[in-house]
Amino acid sequence: MPDPDTIVTGATGFIGRWLVPELTRANRNVLVLLRNASRRAEEYSRWISAHGGDVSRLSFHEFDLNAADIGIKDVYHLAARYEFGLDKKEARTVNVLGSLGILRWCGTIPGFRRFVFVTGYLAATHAATILRSPLASQQAQINLHYRKTGAYEASKVEENIMVQRAAQELNIPYTVINPSAVIGDSSTGGTTQFIGPNDLVRDLYSGKLPALVGGADTFVPLVPVDHVARFMARVADYPESIGRSYWL
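Below is the structure:
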């Protein structure tokens, strides 16, 4: 195996499964952080190969977001805890504190190039609004999101704010990716995620949707997963993307 130059967390998630083969096609040597790596690596490698990736550029390592001990340069951080009914502590431990821990580890690496992390477009929009407000009121606004929107969504708002703030303080080059609702591959329709827009399309097709709520001004942004993967795989090549947030 070649020495890896890139780490991907959350590589088995929806975006990660399209990002990793895209990175290998861009001649990146990818270290996949994977729980139960010895058991899951073979299946994951078959997936990458079937989707046009170069498995000779992959290596695997056990990973725990709560106790990350990793050593590499460029990091694509996609891992997050997403469940219905998460409480604030559970969500913050992984989605905020875990992300900050990985970011700070990146700051210890000489010549580190880029920390690329993902939040949703709504969480990023809320975070951008909070960041424009006085510093003294920002924490109160974050706490309000935990009460109003639930632990997962609020933790992604807080992550967006805290990671950007820490990266700037520590002088760590970073880029934020804010995809809208991610749908299947633009060419094949392939997907591994069957919630969100997929539910809506299925219910429309089968006549199970009891009502159509909305009108001509309803905004439902969608983006194919392969477009997100191509953008992410190349964004770190551009110095002008440092410190920038991109809504896809």
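If you use the working numbering, the sequence shown corresponds to residues 11 to 258, in order.
Cβ coordinates follow ideal geometry from the N, Cα and C atoms, glycine included.
Check residue i in the structure and name its three-state DSSP category.
| i | result |
| --- | --- |
| ARG254 | strand |
| ALA191 | strand |
| VAL235 | helix |
| PHE24 | helix |
| LEU68 | strand |
| TYR184 | strand |
| VAL30 | helix |
| ALA221 | coil |
| ASN37 | coil |
| VAL230 | coil |
| PRO249 | helix |
Straight-line CA distance for residue i to residue j?
| i | j | result |
| --- | --- | --- |
| VAL245 | THR129 | 16 Å |
| ALA164 | GLY20 | 19 Å |
| ASP236 | PHE204 | 16 Å |
| PHE127 | GLY225 | 33 Å |
| LYS218 | LYS158 | 29 Å |
| ALA177 | PRO183 | 7 Å |
| PRO249 | ASP213 | 44 Å |
| ASN153 | ASN37 | 43 Å |
| TYR92 | GLY160 | 11 Å |
Can you tell me where the beta strand (DSSP E) with residue i in it begins and where it stops?
| i | result |
| --- | --- |
| ILE17 | 16-19 |
At which residues does the alpha helix (DSSP H) containing residue i begin and terminate?
| i | result |
| --- | --- |
| VAL167 | 161-180 |
| LEU44 | LEU44 -> no alpha helix (DSSP H), and no H or E assigned at all. |
| LEU214 | 207-216 |
**Q.** the region 107-122 touching the region 46-58, judged by at least three CB pairs closer than 8 Å
**A.** No contact exists between the region 107-122 and the region 46-58.
(Q) Report the start-end ranges of each alpha helix (DSSP H) in the region 72-137 that is 4 residues or longer and not cut off at the edges. (A) If only complete runs of 4 or more residues are kept, the region 72-137 shows the alpha helix (DSSP H) at 98-102, 109-116, in order along the chain.
Q: Tell me, please, whether the region 185-204 touches the region 129-140 by the rule of three or more beta-carbon pairs shorter than 8 Å.
A: Verdict: yes, contact present.
Q) Any chance the region 86-104 sits against the region 197-216, with 3 or more Cβ pairs inside 8 Å? A) Of all C-beta pairs linking the region 86-104 to the region 197-216, fewer than three are shorter than 8 Å, placing the two stretches out of contact.
(Q) For the pair the region 65-72 and the region 101-114, tell me if three or more CB-CB distances fall below 8 Å. (A) Counting Cβ pairs under 8 Å, fewer than three are found: no touch.
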